[in-house]
Structure formats: structure tokens, C-alpha cells
Amino acid sequence: MAVYPKSEHLKVPAIYCSTIGIFPWKFMFQDNKNLQTIYRCYSIVMLAWCIGFVVTDYIQLVILLTSKTLDMQEISFNTCITLLFTCIGLRAVIVYFSPNSANLIQSIIDSEKVTYLDDAECMKLEKEHLRSVRLISHCYFIFIIFSTTSRCVYFFSKEPDFIQNGNETEIVKEHMLSIWFPFNQEKYYLTVYNIELLDSFLGTFFVAYVDIYTFNMISYPKGQLKKLQHIMKHFHNYKAKYSSETNEENDFIVFKDLVQRHKQIIQHINAFNELMEFVAIFEFVQSSAQIACGLTQTSLENLTIGSFLFVMSFLISMLVRLFLYYYAANDVTVESTKLAQCIWESNWYEESQKIKLSMLMVIIRAQKPLIFKIGGFGTMSVQSIVTILKATYSYITLAYKRT
Numbered sequence: 203m204a205v206y207p208k209s210e211h212l213k214v215p216a217i218y219c220s221t222i223g224i225f226p227w228k229f230m231f232q233d234n235k236n237l238q239t240i241y242r243c244y245s246i247v248m249l250a251w252c253i254g255f256v257v258t259d260y261i262q263l264v265i266l267l268t269s270k271t272l273d274m275q276e277i278s279f280n281t282c283i284t285l286l287f288t289c290i291g292l293r294a295v296i297v298y299f300s301p302n303s304a305n306l307i308q309s310i311i312d313s314e315k316v317t318y319l320d321d322a323e324c325m326k327l328e329k330e331h332l333r334s335v336r337l338i339s340h341c342y343f344i345f346i347i348f349s350t351t352s353r354c355v356y357f358f359s360k361e362p363d364f365i366q367n368g369n370e371t372e373i374v375k376e377h378m379l380s381i382w383f384p385f386n387q388e389k390y391y392l393t394v395y396n397i398e399l400l401d402s403f404l405g406t407f408f409v410a411y412v413d414i415y416t417f418n419m420i421s422y423p424k425g426q427l428k429k430l431q432h433i434m435k436h437f438h439n440y441k442a443k444y445s446s447e448t449n450e451e452n453d454f455i456v457f458k459d460l461v462q463r464h465k466q467i468i469q470h471i472n473a474f475n476e477l478m479e480f481v482a483i484f485e486f487v488q489s490s491a492q493i494a495c496g497l498t499q500t501s502l503e504n505l506t507i508g509s510f511l512f513v514m515s516f517l518i519s520m521l522v523r524l525f526l527y528y529y530a531a532n533d534v535t536v537e538s539t540k541l542a543q544c545i546w547e548s549n550w551y552e553e554s555q556k557i558k559l560s561m562l563m564v565i566i567r568a569q570k571p572l573i574f575k576i577g578g579f580g581t582m583s584v585q586s587i588v589t590i591l592k593a594t595y596s597y598i599t600l601a602y603k604r605t
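So for the sequence shown, my numbering puts the first residue at 203; every next one is plus one.
Below, the structure written as C-alpha cells:
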């Protein structure tokens, strides 16, 4: 019985995402409808938890903003978590419920069935790409889990603070998260701690798995482009190998298959851009504010070990997330422009007039780079990371000037 879809490219994201129910149910347990129904119910429960978690974050933020005394450090802490999980929650809901998400996954599954021209060298290129993507995915997961675990251990071992209020002594303990509870958090601290511990790890899983899914979807075209570059560069060899007769018509059929592969890559990127357009804009706009809110907690006057651990782990995590998305997207753009060079390096001058014209059309199309968009704000690239960091610096400078 197959649990996951038959796809090498989707294997890792499917395994990770299915553990918290955000991988589309129609691709899970396709041979067993009962297990598929159980998984579907589990997915709805997990997504409901995610939405509920974000809602309690916003309730707590409203309470903090409307209180008589504004605790800017607590507000900054809450804003960091709230913005992050809003983005993650939106991505998770889109991945699970959107028909376009299912179509995107199905197109990858279908493309893996087309192996008409793939030989040992093509398979080697694909395996190298998959190996690097999987390694990055696993390392990212380990890093995120380590950051959360170290923070949880710190709060578990930390001694509470004692504040003298008249004749009474109040016990104040730091919290791992800034979420709303319908009861006194200090009085039922152990209950709150256990709930926050569960929320911390479930939230971490959502962040890690959604990021891994998105990273794999962004990286997928790079592996396909590398294979296409190789075949285009050695077109003469592939034409001779896979054509039963050396005539112009069969040559054109082989080249037509390469054009179809190129179109499939373009369609994948366009579909992803359309699917994540709103989330990409929101994430780009709020990323700088998110990082700035984290860094404003580094005031030396109120800095504690807990806040320092949070700030450092959060800052590193955010930078890793940015590079995970934007650097991978930048790689796809770079690889897409190399296609024209690979055709030029082939024995194009030995081909028929019809093939030469077809190659020229591909070269012309390759002059327009394939890009992952941030809605109408620009493209996902390394330059976008620089823009976010510049905006972060501006926010921090403004915040410290006002204080």
C-alpha cells in the first residue's frame, strides 16, 4: 500500500508535511479510502489548531496594545511570533485547500513519468540535485528543532523572579510564547507551560515543514533546467540515440520533446507565482518589520538570557528562511539564462534548417529569465534579501531614535 505519491521530488516534503496534515489529502493513501478519510480529518484538526494559535496571538497583541502601560519588549516579542505564524498559516491553508496547489503537485508527478530522453547522465544530474535539496531540507529541520528545544530547556530550568509588592511577594515567570489564555497564567503556570511547550513544538513543525515544502517547490525547476541544458548541449548525440531513422522529421520530434519540457518548467513557475502571490507580498513586506521587532529586544537594560536566546535564534532562523527561499529562487533564474549558452555550445550548425529555427526560438525565449515573483513588488532574488535587510536597518534606527 502506497502512503505517499510516487514522486522522488515530492518524497521529502510529502513525508514532512503529512506528519502535521498539511500535504493535500488526495495524494495520501490513494489505495485505501478509509485511511485517506482518517488523514483528511487529522489534517482539518491540525489546521484548526494552527488557525486557533494565530488567533490567540492576535488577541494577546490587542491586549498588550490596549493596556495602560505598554511593554514594548513584550509587544515586539508577540509581533515577531504573530507575523511569522500568520505567513506560515496562510501558506499551509493554501497548500492544503487550493486546487492550484493540487494541480502543481500533480504536474510534478506527471513530469517524472516522461523519461523519453533521460539516460544515465541525466539521472546523475537529477540525483545530485535531489541530494543537495534533501540535505538542505534535513539540516534546516534539525536547526529549527534545536533552536526550539534549547529555548524550552532554558525556560524549564530558569528560576522565577520574585517581586515585592507591599506586604506581598509576587512570583513572576517568563513565558515561552506570547499567547492569550482565558485564565490567570501565573496561578496555573504549570498548565500554561505544558500548553506553551506543545504549541512551541507544533508551531516549530509547521514552520519547518511549510518552509521545506516551499523550498522544494522553488528548487524543483533548477534540477529540470540542468537536465535540459545537458540534453540541449549534446542534442546531436541524443538525436542519434533515440531516433530510429536519421531524418528531419524524427529530429524535430526529439527537439519538440525538449521544448515541452521547457514549457513545463515555465508553467510550474507561473503556477507557483499565481498560487503564492498574496503570501509572497505579505511575507516580503513584513519580513523587515519582523526582524526589526526581534532585534529591538536587545536593549542592554532589560536583556535576559531568555530574551537573548530568543533574539539570536529568531534572527538566525529568519535569515536562514530568507536565504532558503530567495537564494533558491535566484538559482533558478540564473540556470534559466544558461539554456541559450548550452544551445550555442551544441553542434547546431550541423542541424537542418527547421531545427536551427527551432533552436533560435528557444534561445530568444531563454533571454527572458524565469523568475519567482513577489507579487508586483519585484522578483525573489539575492537582491531582495539586501532590500529586506536595508528596510530592517531603517526600522531599527527609527525605533531607537524615538526611544
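Note that CB positions come from ideal geometry on N, CA and C, so glycine has one too.
Being a predicted model, the structure only gives us computed values, none of them experimental.
task: Quick one: give me the first and last residue of the alpha helix (DSSP H) that Gly425 is part of.
output: Here residue 425 refers to the residue found at position 223 of the sequence shown. Where Gly425 is concerned, the enclosing alpha helix (DSSP H) stretches over 391 to 435.
query: By Cβ distance, which residues of its chain are closer than 7 angstroms to Glu547, with the 5 residues on each side in sequence left out?
result: Sequence index remark: in the sequence shown, residue 547 carries index 345 (1-based). For Glu547, the CB contacts under 7 angstroms within the same chain, skipping 5 residues up- and downstream, are Lys435 in chain order.
message: Suppose the cutoff is 7 angstroms on Cβ atoms and the five residues either side in sequence are ignored; what does the same chain contact list for Arg242 look like?
response: Counted from its first residue, the sequence shown places residue 242 at position 40. Counting only Cβ-Cβ distances below 7 angstroms, and skipping sequence neighbours, we find Trp227.
message: I'd like to confirm the pairing. Which residues does DSSP put opposite Lys575 in its beta bridges?
response: As a working mapping, residue 575 is identified with position 373 in the sequence shown. Paired residues: Thr581.
- request: Can you grab the Cα-Cα spacing for the pair Ser554 / Met325, in whole Å?
  value: Here the question's residue 554 lines up with position 352 in the sequence shown. Here the question's residue 325 lines up with position 123 in the sequence shown. Computed Cα separation, rounded: 29 angstroms.
- request: Mind reading off the beta-carbon distance from Gly496 to Val481? Whole number of angstroms is fine, and I expect it under 8 angstroms.
  value: Translated into positions along the sequence shown, residue 496 becomes position 294. Translated into positions along the sequence shown, residue 481 becomes position 279. The pair is not a contact, with the Cβ atoms about 20 angstroms apart (cut-off 8 angstroms).
- prompt: Counting pairs of Cβ atoms below 8 angstroms between the region 427 to 443 and the region 286 to 300, do you hit three or more?
  reply: no
message: I'd like the list of long-range same chain contacts for Val335, defined as Cβ closer than 8 angstroms, with 5 residues on each side in sequence excluded.
response: Here residue 335 corresponds to residue number 133 of the sequence shown, with the count starting at 1. So the list reads Val214, Phe417, Asn418, Ser421, Gly425, once near-sequence residues are dropped.
- prompt: With a CB to CB cut of under 8 angstroms and the five nearest residues on each side skipped, what residues in its chain are close to Ile310?
  reply: Along the sequence shown, one-based indexing puts residue 310 at 108. The residues are Ser209, His211, Leu212, Tyr422, His470.
query: To which residues of the same chain is Asp273 closer than 7 angstroms at the C-beta, ignoring the five residues directly before and after it?
result: To locate residue 273, count along the sequence shown from 1; it is residue 71. Only Leu266 meet the Cβ criterion.
query: Would the beta-carbon of Ser278 fall within 9 angstroms of that of Thr594?
result: Along the sequence shown, one-based indexing puts residue 278 at 76. Along the sequence shown, one-based indexing puts residue 594 at 392. Not in contact: Ser278 and Thr594 (Cβ atoms no closer than 9 angstroms).
field: Distance CB(Gln262)-CB(Ile397) smaller than 9 angstroms
entry: Within the sequence shown, numbered from 1, the residue matching residue 262 stands at position 60. Within the sequence shown, numbered from 1, the residue matching residue 397 stands at position 195. No.
message: Please state the DSSP three-state secondary structure of Met230.
response: In the sequence shown, residue 230 corresponds to position 28, counting from 1. Here Met230 sits in coil by DSSP.
field: Expected contact under 8 angstroms - CB spacing of Ser298 and Leu237 to nearest Å
entry: As a position in the sequence shown, residue 298 is number 96, starting the count at 1. As a position in the sequence shown, residue 237 is number 35, starting the count at 1. Correcting the residue type first, residue 298 is Tyr in the shown sequence and not Ser. 17 angstroms between Cβ atoms; not a contact.
task: Have a look at Cys463 and Leu430 and give me their C-alpha separation to the nearest angstrom.
output: In the sequence shown, residue 463 corresponds to position 261, counting from 1. In the sequence shown, residue 430 corresponds to position 228, counting from 1. A quick correction: the sequence has Arg, not Cys, at residue 463. Their Cα atoms are separated by approximately 8 angstroms.
- prompt: Touch check for the region 218 to 225 and the region 400 to 419: three-plus C-beta pairs under 8 angstroms?
  reply: yes
Option nearest Phe198 by Cα separation, candidates Phe357, Met563, Ala204, Ile468: The question about residue 198 has no answer, for the chain in this structure spans 203 to 605.
query: Between which two residues does the alpha helix (DSSP H) harbouring Glu388 extend?
result: Within the sequence shown, the letter at position 186 stands for residue 388. Careful: Glu388 lies outside any alpha helix (DSSP H) and carries neither H nor E.
- prompt: Expressed to the nearest angstrom, what Euclidean distance is found between the alpha-carbon atoms of Ala322 and Tyr597?
  reply: Here residue 322 refers to the residue found at position 120 of the sequence shown. Here residue 597 refers to the residue found at position 395 of the sequence shown. Each residue's Cα considered, the two are about 52 angstroms apart.
query: Are the beta-carbon atoms belonging to Ser519 and Lys592 less than 9 angstroms from one another?
result: In the sequence shown, the residue the question calls residue 519 occupies position 317. In the sequence shown, the residue the question calls residue 592 occupies position 390. Contact flag unset, no.
- prompt: Is Tyr218 buried or exposed, if buried means 16 or more other CB atoms sit within 10 Å of its CB?
  reply: Your numbering for residue 218 matches position 16 in the sequence shown. Buried, because 16 or more other Cβ atoms sit within 10 Å of the Cβ of Tyr218.
query: When the Cα of Ala304 is compared with those of Lys556, Pro207, Gln488, which residue comes out closest?
result: Walking along the sequence shown from the start, residue 304 turns up at place 102. Checking every option, the nearest Cα to that of Ala304 belongs to Pro207.
task: Measure the Cβ-Cβ separation of Cys282 and Phe486 and say whether it is below 9 angstroms.
output: The residue given as residue 282 occupies position 80 in the sequence shown. The residue given as residue 486 occupies position 284 in the sequence shown. By the CB criterion at 9 angstroms, Cys282 and Phe486 fall outside the cutoff.
- request: Using the Cα positions of Asp453 and Lys558, report the straight-line distance between them to the nearest angstrom.
  value: Numbered from its first residue, the sequence shown carries residue 453 at position 251. Numbered from its first residue, the sequence shown carries residue 558 at position 356. Rounded to the nearest angstrom, the two C-alpha atoms are 11 angstroms apart.
query: For His470, which of helix, strand or coil comes out of DSSP?
result: Mapped onto the sequence shown, residue 470 falls at position 268. Helix, per DSSP.
task: Using beta-carbon positions only, say whether Asp459 and Leu600 come within less than 9 angstroms of one another.
output: Working through the sequence shown from its first residue, we reach residue 459 at position 257. Working through the sequence shown from its first residue, we reach residue 600 at position 398. Between Asp459 and Leu600, the CB-CB gap reaches or exceeds 9 angstroms.
- request: Spatial neighbours of Tyr529 within its chain, please: CB distance less than 8 angstroms, with the 5 preceding and 5 following residues excluded, ordered by chain position.
  value: Counted from its first residue, the sequence shown places residue 529 at position 327. Cβ within range, chain order: Val584, Ile587.
field: Glu328 versus Leu399 - alpha carbon distance
entry: The residue given as residue 328 occupies position 126 in the sequence shown. The residue given as residue 399 occupies position 197 in the sequence shown. For Glu328 and Leu399, the distance between alpha carbons rounds to 40 angstroms.
query: Given Phe407, which residues of its chain have a CB within under 8 angstroms of its CB, disregarding the five upstream and five downstream residues?
result: Walking along the sequence shown from the start, residue 407 turns up at place 205. Closer than 8 angstroms at Cβ, skipping near neighbours: Thr221, Ile222.
message: Distance check for Ala442 and Lys235, CA to CA, integer angstroms please.
response: What you label residue 235 is simply residue 33 of the sequence shown in a count that begins at 1. What you label residue 442 is simply residue 240 of the sequence shown in a count that begins at 1. Distance between the alpha carbons of Lys235 and Ala442 is about 46 angstroms.
task: Give the secondary structure of Ser548 by DSSP, where H, G and I count as helix, E and B as strand, and everything else as coil.
output: The count along the sequence shown starts at 1 and reaches residue 548 at position 346. Correct three-state label for Ser548: coil.
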